[in-house]
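Enquirer:
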Amino acid sequence: MSDCLFCIIIDKKIPAKYVRETSELIAIRDVNPQAPVHILIIPKKHIPTLNDITDEDCDIVGKVHVFAKDIAKEEEISIDGYRLVLNVNRGAGQSVFHIHWHLLGGREFNWPPG
Numbered sequence: 005m006s007d008c009l010f011c012i013i014i015d016k017k018i019p020a021k022y023v024r025e026t027s028e029l030i031a032i033r034d035v036n037p038q039a040p041v042h043i044l045i046i047p048k049k050h051i052p053t054l055n056d057i058t059d060e061d062c063d064i065v066g067k068v069h070v071f072a073k074d075i076a077k078e079e080e081i082s083i084d085g086y087r088l089v090l091n092v093n094r095g096a097g098q099s100v101f102h103i104h105w106h107l108l109g110g111r112e113f114n115w116p117p118g
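Numbering-wise, the sequence shown is residues 5 to 118 according to the working numbering.
What follows is the structure, encoded as structure tokens:
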């Protein structure tokens, strides 16, 4: 999508602080971090929300979790703990309609989160 912020970042038309990249995923630092480590994990395929995934997207959704685990280890938050968050639609806090996960760590998190 030509007006999707994350598609523009994926195409490297605007700068971002890239953490890691594969042929299917990118990870960038959030511009408004909510924790000492706040990284966005974004599939390169444009999928607006979790409600829009199909059976053909199952592989990439699984890869996101392995990607997140590896980044958490690299960022040295895997031992103390981290949170992986996926917001779906505005009522849950989604502001960019290109599916993405927030990898948060480096501080203690409370439960319930909201």
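Glycine is no exception: its CB is placed at the ideal position from the N, C-alpha and C atoms.
#1: Where does the unbroken beta strand (DSSP E) through V23 begin, and where does it stop?
#2: Buried or exposed: G109, going by 16 or more other Cβ atoms within 10 Å of its Cβ?
#3: Identify, in the order they occur along the chain, each residue of the same chain with its Cβ nearer than 7 Å to the Cβ of A96, setting aside the five sequence neighbours on each side.
#4: For the candidate residues R24, L29 and V23, whose alpha-carbon lies nearest to that of C11?
#5: According to DSSP, which residues form a beta bridge with P47?
Expert: By the coordinates alone:
#1: For V23, the enclosing beta strand (DSSP E) stretches over residues Y22 to E25.
#2: Taking a 10 Å sphere around the C-beta of G109, we find 16 or more other C-beta atoms and assign the residue as buried.
#3: Once the five neighbours on either side are set aside, A96 has no close Cβ partner at all.
#4: Put simply, of R24, L29 and V23 the residue whose alpha carbon is nearest the alpha carbon of C11 is L29.
#5: Beta-bridge pairing links P47 to L29.
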